[in-house]
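Asker: For the protein sequence lines, the chains are A and B, in the order given. Position 105, counted from 1, in the first sequence is what my numbering calls 85; the numbers after and before it change by one each time, with no gaps. Just so we're on the same page, my numbering is the position in the second sequence counted from 1, plus 1078. Every residue gets a Cβ at the ideal spot worked out from N, C-alpha and C, and that includes glycine. Before anything else, here's the structure in question.
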Amino acid sequence: MADALSPTAAPKQVGKRRALSRYLILVLAAGFVALLAYGLMISGDRRVTEGQAPDFTLTSFEGKTYRLSELQGQVVVLNFWATWCVSCKDEADDIERVWRQYRDRGVLVLGVNYLDQEPLNRQWIQNYDITYPNGPDIQGRIYNAYGVQGLPETFIVDPQGQVAKVFIGPVTEAQLVAELERLLRH
Amino acid sequence: MADLGLLALTIALFVAAFGIAANLIGAWQRRPALVVAGRNALYVVSAFVTFASMVLVAALVRRDYSLAYVVGHVSNDLPLFYRVAAFWGGQAGSLLFWTLVLSLYAYAATVAQWERQPVLRPYVTAVLLTTQLFFLVVLLFSANPFARLWVLPDGNIEPRVVAPAGAVAHQVTDGSGLNPLLQNYWMVIHPVMLYLGWVGMTVPFAYAVAALVTRQLGNDWIRVMRRWTLVPWMFLTAGILMGSQWAYVELGWGGYWAWDPVENASLLPWLTATAFLHSIMIQERRGMLKVWNMVLIGTTFGLTIFGTFLTRSGVIESVHAFALSNIGPLFLAFMALTFFGYLWLLLSRWDDLRSVNQLDSVLSRESAFLFQNLVFFGIMGVTLFGTLYPLISDFLSRFLPVDRMSLAAPWFNKVTGPLFIVLLALMGSAPLLAWRRTGRAALRENFTFPLVFGLATALLAFLLGVRRPYAVLSFAVIGFVLGGILQEFYRGAQARRATRGESWPAAVWTLLRRNQRRYGGYIVHLGVLMIAVAITGANTYQIEAQANLAINESMRVGNYELTYMDLRQVAGPTYDQVRAVVGVKRNGLVTDPVMPAMNFYRSRAGQDQPTNEIAIRMGLTEDLYVVLAGWENNGQTASFKAYVNPLMSWMWIGGAVMILGTLAAVWPHATAEERRRSEAAAPAAGVRRA
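See below:
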């Protein structure tokens, strides 16, 4: 077809050009496959599972402001929840128990209430007798910063501000205790 | 019971491997009995895959929670319709569904084509079986829909096919339900359409490979393949449009196409398949563009596999990323194998693919088609580049001062927009150009009316207030193409009226019936024009507004005044709905209120997420589109996003017209036999064209 467009080209030149274009096609094809292989190697979800925990500000229902970067030196347990999330009910009591157990040992539990309704969320906090600070995640900023993909998810940030552990789905007291003990021992 | 499904897939795997060997050995050693055995292997594989699919569907319908896939995609309160749809709602299930569709196509193509193409058939069957084998390997070793949940000794729960040592079966009484985003009518049939489209491209690909291997590169196979490409193409077209419709009514950003990787994955093979469908006409008629056709069909197949890879491997981040898993390496290996294998075949047969004829003139139908191939391929190339740009930039950022970034919709619109307009102009010009070369008189005769019509359309648009150059140009081209199509119908019908004295409607109808391919094609083009009208309107004249409103406060968007009236909570079958009531005034006149809402799906285990229920009031000139973005203080205030999307409905109407046109083009010729008989009876009128 290239020949059809340039019928005057000398046969030898055409042969050379064709060989060249064959190599070019092969190189392009190899590059394409290599690129996809590279993509596979670096792929993963956007959930922040390690490294520096993204900074955020959370204003609790009581009006107190918490800023992660000002909480260094403490272990921060960041729990994402909502009243419409059924499995959040399973973990509510466990998290509260852990908070009561560890609040004096340099652990802060923060409840991030994602896309929810007042007063349902305040009623929830009363029903489960939750005493750790909770606040609304306005426009889902914290949710997005941490790459959360559904509720519930719980992030543990170590005293240096690094993400130490992520729990996807409801978390149990035993799981939290094991992780906190590990972090506090250091 | 579910173990029977596993058994069926395992048997299918071995039979497929046997079938490939039987076909290849049978072809090499010229032993027809082996080839027949190979064909029967394909029937057996297809039957077992169908059986395994039925087992999975039965498990989903009966809520057999012993299977991990059922637990993950069904729940006690999920209605029957969605329990069936859960078959293709998750990764393992959708791969089995893919294999099922492939098996049905493979069976149909083998049965229909067995008597023809005796030289090609062992290779065709081998390629079909190889693709089946690949998917069976993925299903059995990487994404098995028949895996069960086990409690391991350390307390972790894992899905495994074979019970791990010391593990106990995990007892579940309720599943976690179907992804709420998928609980939508469009979303249920959209993937089915896409799969029917994607998978169907395997058949023409298998024929292309067989033609290359046997060097039987004549036009016989390509004539048959037109129909086997047109049917999946129609499904792909429908699938893409349904996906747009889903994005439009469900995702809530006022648009229908975001150039998201997953959307691009469906568009890429459509572009090359569309080019192929046009390009094969040139090979049929003039024996030209053979290399192009081989490249286009190979690329189309490669892109369908690439699309699955993209959507299922998590290589590129997407708003649609429903599933991540380890099937990536397997897909990559298969892609690389087909890619290089096909490329080698193509390069080694290059000389056999040389054209019999040469281009005589730039002003010919052939060159218009060559040009359209280039433009289609160009659009495909830039879309692929844009889709992979996050990877490319990530890679380059290691050596060069480049930021890792994704290319967003504006980039795609800017780059592909002009190419699509050129394509539209070609779509209008090609049918007006003669084969080989177009003389000056014919040029004047064919182009005058469409050009005048195009200019008149642009002028009309301008007078109606369209001022942006891009939109005016787009309307001019749309008018030009429309003028050309009208002229074709007019001339054809006029000729019938003159010779047979038929009435206008009768003349148009017989025209369509007598030359389904040609006039069906024009109807498809009309549908494309309607979609072009919608894209031009919605992309250049969308109006957007957002506001946080207290009760009885209002906002304006275009000619509409929206008033926040109330917020209510309503219980649905599987969800709770928070619904806002918004009063609507258009040009000061009160119309019915709209009710944008948010659904909160109830599910027992796993994670929950809300979905938008957008209020859309559709109209032929514009859509009003209202999204409930959030609320505070128990509904004392609420935030809304509202859009006015001009001409949007034409996208869906145009889509329906495209499907109708395709059906008209592929519908079996009921009158073909009669026509042949009547032509034979009247030899005077039987001046046959070559």
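1) Here's the rule: buried if 16 or more other CB atoms are within 10 angstroms of the residue's CB, otherwise exposed. What is V1635 of chain B?
2) At a cut of 8 Å, does the segment 1168 to 1177 of chain B reach the segment 1102 to 1121 of chain B through at least three beta carbon pairs?
3) Would V1559 of chain B and G1605 of chain B be called neighbours here (beta carbons separated by less than 7 Å)?
4) Counting only the same chain and skipping the five closest in sequence on each side, list residues whose C-beta sits under 6 Å from that of R1077 of chain B.
5) Return the chain-ordered list of same chain residues with a C-beta closer than 7 Å to the C-beta of L1052 of chain B, the five sequence neighbours on each side being excluded.
6) Is the beta carbon of Y1201 of chain B less than 7 Å from the beta carbon of A1115 of chain B?
7) Unbroken alpha helix (DSSP H) runs of length 4 or more, entirely within the segment 1528 to 1557 of chain B: which are they?
8) Compare the C-beta of A9 of chain A with all C-beta atoms of chain B and state if any pair is closer than 7 Å.
9) Hey, could you find the ends of the alpha helix (DSSP H) Y1467 of chain B is sitting in?
10) Please check the pair T152 of chain A and D96 of chain A, which I expect to be a contact at CB under 8 Å, by giving their CB distance rounded to whole angstroms.
11) What number of angstroms, rounded off, separates the C-alpha of G1419 of chain B from the C-alpha of L1529 of chain B?
12) Based on Cα-Cα distance, which residue from B:A1241, B:A1186, B:I1609 and B:L1645 lies nearest to S1552 of chain B?
13) Beta-carbon of H1398 of chain B versus every beta-carbon of chain A: anything under 7 Å?
14) List, in order along the chain, the chain A residues whose C-beta lies closer than 7 Å to that of L1466 of chain B?
15) Hey, V1659 of chain B and P1671 of chain B: beta-carbon distance below 7 Å or not?
16) Nearest to G1241 of chain B by CA position, among B:D1081, B:A1414 and B:R1427, is which residue?
17) What does the alpha-carbon distance come out to for the pair Q103 of chain A and G141 of chain A?
18) Select from B:V1127, B:T1652, B:A1585 and B:W1176 the residue whose C-alpha is nearest the C-alpha of L1158 of chain B.
19) Measuring only the C-alpha atoms, how far is V1291 of chain B from T1377 of chain B?
20) Output, in chain order, the set of chain B residues within a Cβ distance shorter than 7 Å of Y18 of chain A.
21) Helix, strand or coil for R1624 of chain B per DSSP?
22) Please list, in chain order, the residues of the segment 1410 to 1429 of chain B that have any C-beta partner in chain A closer than 8 Å.
23) Quick one: grab the DSSP three-state call for G1684 of chain B.
24) Quick one: grab the DSSP three-state call for M1372 of chain B.
25) When the Cα atoms are used, what is the spatial distance from L1084 of chain B to N59 of chain A?
26) Determine the direct distance from the alpha carbon of A1184 of chain B to that of A1111 of chain B, and round the result to whole angstroms.
27) So the beta strand (DSSP E) T1715 of chain B belongs to, where does it begin and stop?
28) State the beta-bridge partners of Y1638 of chain B as determined by DSSP.
29) List the DSSP bridge partners of M1676 of chain B.
30) Here's the rule: buried if 16 or more other CB atoms are within 10 angstroms of the residue's CB, otherwise exposed. What is L1174 of chain B?
31) Using 7 Å as the limit for Cβ to Cβ distance, is P139 of chain A near chain B?
32) Identify the contact partners of R2 of chain A in chain B, using a Cβ-Cβ distance below 7 Å as the criterion.
33) Is there a C-beta anywhere in chain B that falls below 7 Å from the one on V34 of chain A?
34) Just confirm the distance between the C-beta atoms of L1501 of chain B and V1453 of chain B, as a whole number of angstroms; I'd bet it's less than 8 Å.
35) Who does W1709 of chain B pair with in a DSSP beta bridge?
36) Which runs of the alpha helix (DSSP H) fall wholly inside the segment 1191 to 1278 of chain B and span at least 4 residues, in chain order?
Answerer: Working from what's here:
1) Around the CB of V1635 of chain B, 16 or more other CB atoms lie within 10 Å, so the residue is classed as buried.
2) Too few Cβ pairs lie closer than 8 Å, so no.
3) no
4) Any answer about residue 1077 of chain B is impossible in this case: the structure gives chain B only from 1079 up to 1768.
5) Since the displayed chain B opens at 1079 and closes at 1768, residue 1052 of chain B lies outside it and no answer follows.
6) no
7) none
8) yes
9) R1443 to L1474
10) Between D96 of chain A and T152 of chain A the Cβ distance is about 23 Å, and since that is not below 8 Å, they are no contact.
11) 46 Å
12) B:I1609
13) Low per-residue confidence applies at H1398 of chain B: pLDDT is 40, beneath 50, and the placement is therefore not dependable, though the value from the model is reported in the following sentence. Using a Cβ-Cβ cut-off of 7 Å, H1398 of chain B does not count as an interface residue toward chain A, since no Cβ of chain A sits closer than that to its own.
14) L15
15) In contact: V1659 of chain B and P1671 of chain B (Cβ atoms closer than 7 Å).
16) Note that residue 1241 of chain B corresponds to Ala in the displayed sequence, not to Gly. For A1241 of chain B, the nearest C-alpha among the options comes from B:D1081.
17) C-alpha separation (whole angstroms): 32 Å.
18) B:T1652
19) 17 Å
20) Here the neighbours are L1469 and F1473.
21) A quick correction: the sequence has Gln, not Arg, at residue 1624 of chain B. DSSP places Q1624 of chain B in strand when its eight states are reduced to three.
22) L1410, M1413, A1414, F1417, F1418, L1421, L1425 and W1428
23) Because the pLDDT of G1684 of chain B is 43, which lies under 50, any placement of that residue in the model is unreliable, and the question is left without a value.
24) Three-state DSSP puts M1372 of chain B in a helix.
25) 40 Å
26) 20 Å
27) T1715 to P1724
28) Bridge partners of Y1638 of chain B: B:V1635 and B:R1664.
29) B:V1656 and B:N1690
30) buried
31) no
32) Within chain B, the residues near R2 of chain A are L1425.
33) According to the sequence displayed, residue 34 of chain A carries Pro and not Val. False, the Cβ-Cβ gap to chain B never drops below 7 Å.
34) 5 Å
35) B:A1716
36) List check, alpha helix (DSSP H) in window: 1199 to 1219 and 1263 to 1278.
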